[in-house]
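Just below is one structure, and these are the notes that go with it.
Numbering (our numbering), first residue to last: 13 to 253.
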């Protein structure tokens, strides 16, 4: 007996990709929303809860990427950029917060698409923490650098990076975005009591690192944007990525 309700082999994966893709933005927004809710509601075990949501967000993107069944030639540019970003972070380990990860994630998002930008940032964080040490901070770093790459892809899709000032401005802002995510998680999970004074003190303690991160990202973008973007775009055209 034939099953008339069964979907063709290619229909189900396409439907799954569509569903997962539709959930990407809500999951990206859910992480800061849960952080804010935990802070306002004084939730116990908030560090674990927010960490779980960040893990769910990263897992969603990985599942969405896997469901799209990319060919090897489509995987390679993202994997190579993530590896270069991770290697650059390790190589610059002696210099606090001067890392190329944000800049390379932005390039990946702008040239290969928002989802690839997220994957580049997330994989770079995961791989480089093999050297720096894995821990509960790893999913938050994966989310933060993935978000930077994703937003870079969104801005590029809307033509923002045609203006060099916008590119460098986003590079500068990316350090603050990264710091905002990691500092917010630290405050919500480990600072007690949560008051305006303790929050401001926690953010003030790391603001110079966040500014240095943003400035270095803008400098890295100024150096690599044009040559890397040209080579990546040639690769995309040559292999139909």
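We treat Cβ as the ideally placed atom computed from N, Cα and C, and that holds for glycine.
- In the assembly as shown, residue 40 is a buried residue. Its beta-carbon has 16 or more other beta-carbons within 10 Å.
- Of the other Cβ atoms in all chains shown, fewer than 16 fall within 10 Å of the Cβ of residue 108; this residue is therefore exposed.
- Contact between residue 32 and residue 79 holds: CB atoms are separated by about 6 Å, below the 8 Å threshold.
- Taking a cut-off of 8 Å for Cβ pairs, the region 118 to 125 and the region 156 to 163 touch, as three or more such pairs fall below it.
- Judged by DSSP in its simplified three-state form, residue 153 adopts helix.
- Burial of residue 244 is indicated by the presence of at least 16 other C-beta atoms within 10 angstroms of its C-beta.
- Boundaries of the alpha helix (DSSP H) harbouring residue 113: 113 to 124, taken from the DSSP string.
- DSSP places residue 90 inside the alpha helix (DSSP H), whose first and last residues are 84 to 103.
- In the structure shown, residue 220 falls within a helical segment according to DSSP collapsed to helix, strand and coil.
- For residue 202, the CB contacts under 7 Å within the same chain, skipping 5 residues up- and downstream, are 59 in chain order.
- The Cβ atoms of residue 36 and residue 176 lie no closer than 9 Å to each other.
- Note that the region 101 to 117 touches the region 219 to 228; at least 3 beta-carbon pairs, one per stretch, sit closer than 8 Å.
- Under the three-state reduction of DSSP output, residue 193 falls in the helix class.
- Contact between the region 39 to 58 and the region 184 to 204 is present: 3 or more CB-CB pairs across the two stretches fall below 8 Å.
- For residue 58, the enclosing alpha helix (DSSP H) covers residues 58 to 79.
- The alpha-carbon of residue 88 is positioned some 40 Å away from that of residue 216.
- With fewer than 16 neighbouring CB atoms inside 10 Å of its own CB, residue 54 falls in the exposed class.
- Taking a cut-off of 8 Å for Cβ pairs, the region 205 to 215 and the region 93 to 103 do not touch, as fewer than three such pairs fall below it.
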